[in-house]
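What follows is one structure encoded as structure tokens, with my remarks underneath.
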Amino acid sequence: MDRQLRELERAVLANPEDPALGLSLRRLLSRIADLGDWVAWGRAHPHAQDQVLEVLAQLLPEFAYLGAEAYAVGEVAHRVGRFRHEPSQLELHLIPGGSATLGPGRDGWNRETERRVQLQPLLVGRFPVRQLEWDRRPHADERSFVGAELPIEGVTWHAARAWLSEVSLRLPSEAEWEFACRAGSTTEYFWGGEPNPAYAWYGEGSTCTTHSTRLHEGAPNAFGLVDLCGNVAEWCADVYGPYGPHMPSDGAPVTQRGGMRVIRGGDSFHSPHHCRSAARNGADARDAGAMIGFRAACSVPLFGAGSDTLPR
């Protein structure tokens, strides 16, 4: 808390006329602490949420605050802060932290055991990184489909990580990715127990293509994130290996050395089974897969350094 207080004090000194920063520092800290508990954050009054979001905007100089918006899927609903990352022009949504159970905990083929994690808040891209954003800072890619609004694919894990590093962003850890995907849901998919093409592109087989992210813009999850399931699978920061309760309880990426990296979310080629919130696969970090893309993440000031700690 002392470090948090010092950062807020510096922000107040730098912006003495800002009404949001003029609030009691300790009162602000109490409200900001709610961001570390997604249940408490959801119960907070919108006015209190707005004050915290405005303060965070002062601590995120590379971001423009776009306001807060409510999203709902079934009975799961959240009010989410939206930010634009100026160097990349990506829109990222503020995901509160907290305790969560990940994995379905069922037996069977590739059925992952449950794990309990305590996550810090973070910012996650509204869309997977698209070609229009990638092409502003191009790296090597082997894209199979062309279109500004299509997610970039055919990129290696190393290329995705390098692109994000250039703009001071990172890949989400596997735990962060699943938490962001579930958005508080407990069903197989974030929208319910059965596949639904209204939310995800899947099962197209040999005729598959990627799809404009705008086509599912009206069907986000309860954190306002689009195409987490289907369309293209997404690289995570973790080394791929056995899944279970032995993994980091703070949601940090698995970092032992290995050539495989985690991919999440499924794609338009494979069956909807791969689009489950808990479904996971691995790919060689050097593989520029035709249906593998990525999504940006960023740690939140006052809440830790983030997941970009893997060996290169």
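Per the working numbering, the very first residue in the sequence shown carries number 15; after that it's consecutive. In this text, a Cβ means the ideal position worked out from N, Cα and C, and glycines have one as well.
- Bounds of the beta strand (DSSP E) holding LEU106 are 104-109.
- Within the DSSP bridge table, the entry for HIS284 names no partner.
- The beta carbon of GLU231 sits closer than 7 Å to those of VAL240, all from its chain and outside the five residues before and after it, given in chain order.
- In the DSSP assignment, ASP298 is bridged to MET274.
- Sequence-distant partners of PHE77 (beyond 5 residues in either direction) whose C-beta falls short of 6 Å from its own C-beta, in its chain, are PHE97, HIS99.
- Ranked by how close their Cα comes to the Cα of ASN29, the residues LEU73, GLU128, ALA233, VAL66 have LEU73 in first place.
- When VAL314, PHE317, MET274, ARG290 are compared, the shortest CA-CA separation from GLY303 is found for MET274.
- For the pair VAL66 and ARG45, the Cα-to-Cα distance works out to about 7 Å.
- For HIS59, there is no enclosing alpha helix (DSSP H), as DSSP gives it neither H nor E.
- Contact check for PHE141 against THR227 passes: the beta carbons are separated by less than 8 Å.
- A residue is called buried once 16 or more other Cβ atoms fall within 10 Å of its Cβ, and GLU156, having fewer, is exposed.
- Residue pairing from DSSP places SER313 in a beta bridge opposite LEU136.
- For GLY272, the closest C-alpha among the options SER263, ASP252, ALA154 is that of ASP252.
- For the set PHE193, HIS153, LEU49, the Cα lying nearest the Cα of THR170 is the one of HIS153.
- In the structure shown, ALA247 adopts extended strand secondary structure according to DSSP, grouped into three states.
- Excluding five sequence positions before and after GLY207, the CB atoms of its chain that fall closer than 6 Å to its own CB belong to THR201, given in chain order.
- By alpha-carbon distance to ASP264, the top candidate from LEU136, HIS107, VAL246, TYR79 is LEU136.
- Between GLY139 and LEU164, the C-beta gap is not smaller than 8 Å, which leaves the two residues out of contact.
- Selection ALA293, CYS312, ALA311, HIS92 evaluated against LEU116 yields ALA293 as nearest (Cα-Cα).
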